[in-house]
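Working notes for the structure below.
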Amino acid sequence: MAYLNDIRGFPDAAFYPQLAKSSAKLVVMHSVQDGQADRREAPAGDIMDHIAAFFDARIAALTGAGIKRNRLVLDPGMGFFLGAAPETSLSVLARFDELRLRFDLPVLLSVSRKSFLRALTGRGPGDVGAATLAAELAAAAGGADFIRTHEPRPLRDGLAVLAALKETARIR
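Now the structure itself:
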């Protein structure tokens with residue numbers, strides 16, 4: 001197994017000895033929820049400070065248990081995992097590079113079909129393909145290391161166009 005993902009960010013220390021024996025990368029996901037995403041509001045204050053404090057604690061716990069730091073991938077969570085307000089997810093999408101700079105670890109973003117896109121567009125889950133692709137390309141342009149998607153083909157095509165644009169700009 002190459003990757004393990006926990007939507008609670010690996011809070012259970014009972015699993016750490018097994019995780020330490022594994023070579024799998026661990027996707028450590030932040031959530032303002034206690035488990036399944038719901039409509040809870042994000043905590044007061046700067047959401048990036050809250051996310052950074054969460055990752056500080058999780059990284060310390062995991063590495064303290066013998067899990068190598070270079071196996072960690074940070075996922076700030078999006079949509080209802082950040083709370084009901086779409087502005088919170090937009091803020092994280094616009095500022096996730098702060099996490100890469102602070103922690104020097106890869107960042108995974110999952111914006112595909114998320115609630116904040118539905119709130120912004122007024123469309124249902126099956127009708128936010130264009131909004132999803134726009135958000136995914138914003139994540140790519142912002143330097144996301146990994147993008148989790150429901151629609152790999154449009155994302156691959158969009159990334160090809162983005163790469164061509166960057167190359168054209170570089171040549172000029």
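To convert, note that position 89 of the sequence shown is 89 in the UniProt record's numbering; the numbers rise steadily by one, no gaps. Note that beta-carbon positions come from the ideal geometry of N, C-alpha and C, so glycine has one too.
{"Query": "Start and end of the alpha helix (DSSP H) containing residue 29?", "Result": "Premise fails: residue 29 lies in the beta strand (DSSP E), 25-29, not in any alpha helix (DSSP H)."}
{"Query": "Please give the ranges of any beta strand (DSSP E) in the UniProt domain \"Pterin-binding\" (1-160), keeping only runs that are unbroken, at least 3 residues long and fully inside the region.", "Result": "3-6, 25-29, 72-75"}
{"Query": "When we look at the beta-carbon of residue 30 and count the other beta-carbons within 10 Å, is it buried (16 or more) or exposed?", "Result": "buried"}
{"Query": "Taking just the CA atoms, how far does residue 114 sit from residue 145?", "Result": "19 Å"}
{"Query": "Thinking C-beta only, is residue 107 closer than 8 Å to residue 74?", "Result": "yes"}
{"Query": "To the nearest angstrom, how far is it from the Cα of residue 11 to the Cα of residue 58?", "Result": "7 Å"}
{"Query": "Rounded to whole angstroms, what is the Cα-Cα separation between residue 84 and residue 43?", "Result": "11 Å"}
{"Query": "Whose C-alpha, out of 4, 47, 14, 46, is nearest the C-alpha of residue 27?", "Result": "4"}
{"Query": "Tell me, please, whether the stretch 129-143 touches the stretch 155-165 by the rule of three or more beta-carbon pairs shorter than 8 Å.", "Result": "yes"}
{"Query": "Between 130, 131, 72, 170, which lies nearest to residue 55 when the distance is taken from Cα to Cα?", "Result": "72"}
{"Query": "CB-CB under 8 Å to residue 95, same chain, minus the five flanking residues each way: which ones, in chain order?", "Result": "48"}
{"Query": "Here's a check: name, in chain order, each residue in its chain whose Cβ is nearer than 7 Å to the Cβ of residue 121, leaving out the five neighbours to either side.", "Result": "128, 131"}
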